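Reading through the structure tokens given below for one structure.
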Amino acid sequence: MSSLHADAVRALRSWQAPDAEQDLLRQDYLAHLDARVDGVWRSCRPAHITASALVVDAAGGRVLLTLHPKVGRWLQLGGHCEPEDATLAEAALREAREESGITEGLTLIGEGPVKLDRHAVRCAGKDQPENTHLDVQYLVLAPTDALARISEESLDLRWFPWDRLPDDTDASVRRLTELAKLALR
0 MSSLHADAVR
10 ALRSWQAPDA
20 EQDLLRQDYL
30 AHLDARVDGV
40 WRSCRPAHIT
50 ASALVVDAAG
60 GRVLLTLHPK
70 VGRWLQLGGH
80 CEPEDATLAE
90 AALREAREES
100 GITEGLTLIG
110 EGPVKLDRHA
120 VRCAGKDQPE
130 NTHLDVQYLV
140 LAPTDALARI
150 SEESLDLRWF
160 PWDRLPDDTD
170 ASVRRLTELA
180 KLALR
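In structure tokens, the structure reads:
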């Protein structure tokens, strides 16, 4: 078992889910990790843990979203865990740095994840069967003067006001944004 696997189990066991639906997801994620020692790696089929981060500018009341090339919607930043990630939180923070271009000053908000989201994807390519991402979502605070730079993993990257997210943002991202506003009060 990797240290990342052990951290994922610890993070999910200690996380207080905000409602019954999120707690069921938490239990499903833990069952997945109990059954699969490779459950945090992209190669694990038919599902694997991923880590993402909603990057927020609290002073400006806005969130940073990426227009995902495979999904075609505005999403939070994130993706697959890598061997150098010791914790899920570090994986989320690494993804936030890589995809935002903000290399300094990003900090995690809170002690653990704020939300879980399970969704089907084709992360191995169009000719491969769908896989399921068991996403563990964190909040990351950006410095007020942070300049975001689009990466090769995105079609576009923009700051959006809390209450004016783009139309092609799904309910999961909208809920994550609401949780961010609550966490920052």
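Take 0 as the starting number for the sequence shown in numbering that gives the first Met the number 0 and just add one per residue. Every residue gets a Cβ at the ideal spot worked out from N, C-alpha and C, and that includes glycine. Every value quoted in this text rests on a predicted model; they were computed, and no experiment measured them.
Put simply, the backbone Cα of Leu115 is about 20 Å away from that of Leu66.
Between Trp40 and Asp162, the alpha-carbon positions lie close to 35 Å from each other. Under the rule that a run must span 4 or more residues, the alpha helix (DSSP H) segments found entirely inside the segment 12-77 read 19-34. Judged by DSSP secondary structure, Thr131 falls within the beta strand (DSSP E) whose first and last residues are Asn130 to Leu140. For Cys80 against Thr49, the beta-carbon gap comes to about 7 Å, under 8 Å, which counts as contact. At the C-beta level, Val55 and Val139 come within 9 Å of one another.
A straight line joining the alpha-carbon of Leu11 with that of Leu24 spans about 10 Å. Of the candidates Glu177, Leu32, Leu87 and Val172, Val172 places its Cα closest to the Cα of Arg72. Pairing Ala85 with Val113, the inter-Cα distance amounts to about 19 Å. Residue state for Asp166 is assigned as coil, using DSSP reduced to three classes.
Comparing alpha carbon positions, the residue from Leu181, Asp169, Arg96 and Arg184 closest to Leu146 is Arg96.
One Cα belongs to Gln75, the other to Asp37, and the distance between them is close to 25 Å. The alpha-carbon separation between Leu32 and Glu98 amounts to approximately 27 Å.
Looking at the DSSP output, Ile101 bridges to nothing. The C-beta distance from Ile101 to Ala57 rounds to 14 Å, too long to meet the 8 Å contact threshold. Under the criterion of beta carbons closer than 8 Å, Leu175 and Gln136 qualify as touching, at roughly 6 Å. Sequence-distant partners of Gly60 (beyond 5 residues in either direction) whose C-beta falls short of 7 Å from its own C-beta, in its chain, are Pro160 and Trp161.
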